[in-house]
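Numbering-wise, the sequence shown is residues 1 to 258 according to my numbering. The block underneath contains the structure these notes are about, expressed in structure tokens.
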Amino acid sequence: MTPLHDAQSTRDTRELPIDKVGVRGLRFPIQVRDRAHVVQNTIATVGLFVDLPMEFKGTHMSRFIEVLHSHGGMIHVENIPDLLARMQERLKANTSHLEMEFPYFITKKAPATGREGLMDYTVRFEANATGSDIDFVMTVRVAVTTLCPCSKAISQYGAHNQRGEVTVAIRSSETVWIEDLIALIEQSASSELYSLLKRPDEKAVTERAYENPVFVEDLVRNVVLRLKAHEHVTWYKVEAENFESIHNHNAYASIEKG
């Protein structure tokens, strides 16, 4: 059989190397190990990339999928270096990059009745490798309740409150479990959220939020103070956005450790 022409391997004369080339938006079933060392099955949206020297016309897109499949689907912080190394080897690259976003579920008990319900969170892994040197960032996105301190101070019949969203990205010297980072964020808000609430639970959540009013500025500061106290966190970026219930716009704040 006559070999098929391989256009990707032909030479390119424009003398422009490419920093990142690969596949993005690939949905793939993965298994994530949680703090209790129990495997959670979920579906990730994945991006895989490598650098491309200026002399090559294109990369081999199918090889990214082969690397991902050969890895077996078990993804955790500890085995990401192996996946990045396999990409470099398979695609003959100097650098490799991974981005992976997936829903993560935690069983939570309602505050008064103890009824259990699943809460979903969004988690993102980003890893960049140059040779064996790896930079890893974990991001979690957590929905919370915030209650306005100003509204509480000036109103006789309550205070406006709303759902907010906190996004925290960290680098760390050792593994920080997803559950621990989520808990740190939820403790910084007026109240955490629950998927299942009976009337006694709703009362408890409402009263807790009223007793813990926070501006969006308070929220990011509260999170940062907890991150600074964490022995393994070396860098962070914290963003908070409140979906204001009495305005047609949102309130936003962010802090990043330089």
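Even for Gly, the Cβ is constructed at its ideal location relative to N, Cα and C.
* Would the beta-carbon of residue 216 fall within 8 Å of that of residue 240? -> yes
* To do: Leaving aside the five residues before and after residue 232 along the sequence, list all residues of the same chain whose C-beta is less than 8 Å from its C-beta, in chain order.
  => Cβ within range, chain order: 172, 173, 174, 175, 176.
* Can you list, in chain order, the residues of its chain whose CB lies under 6 Å from that of residue 236, leaving out five sequence neighbours each side? -> 170, 227, 257
* Close Cβ partners of residue 18 (< 7 Å) along its chain, the five nearest in sequence each way excluded -> Excluding residues within five positions, the ones whose Cβ falls inside 7 Å are 51, 52.
* Pairwise C-alpha distance: residue 66 and residue 144 -> 39 Å
* To do: Return the first residue and the last residue of the beta strand (DSSP E) that residue 54 is part of.
  => No beta strand (DSSP E) holds residue 54; DSSP gives it neither H nor E.
* In the DSSP assignment, what residue or residues form a beta bridge with residue 252? -> 241
* From the DSSP output, read off the bridge partner residues of residue 22. => Checking the DSSP bridge columns, you'll see residue 22 partnered with 49.
* To do: Please state if the CB of residue 209 and the CB of residue 191 are separated by a distance shorter than 8 Å.
  => yes
* From this set, 254, 218, 10, 201, which residue's C-alpha is nearest residue 113's C-alpha? -> Nearest of 254, 218, 10, 201 to residue 113, Cα basis: 201.
* Asked: So what does DSSP say about residue 152, is it helix, strand or coil?
  -> helix
* Residues bridged to residue 235 by DSSP? -> 171
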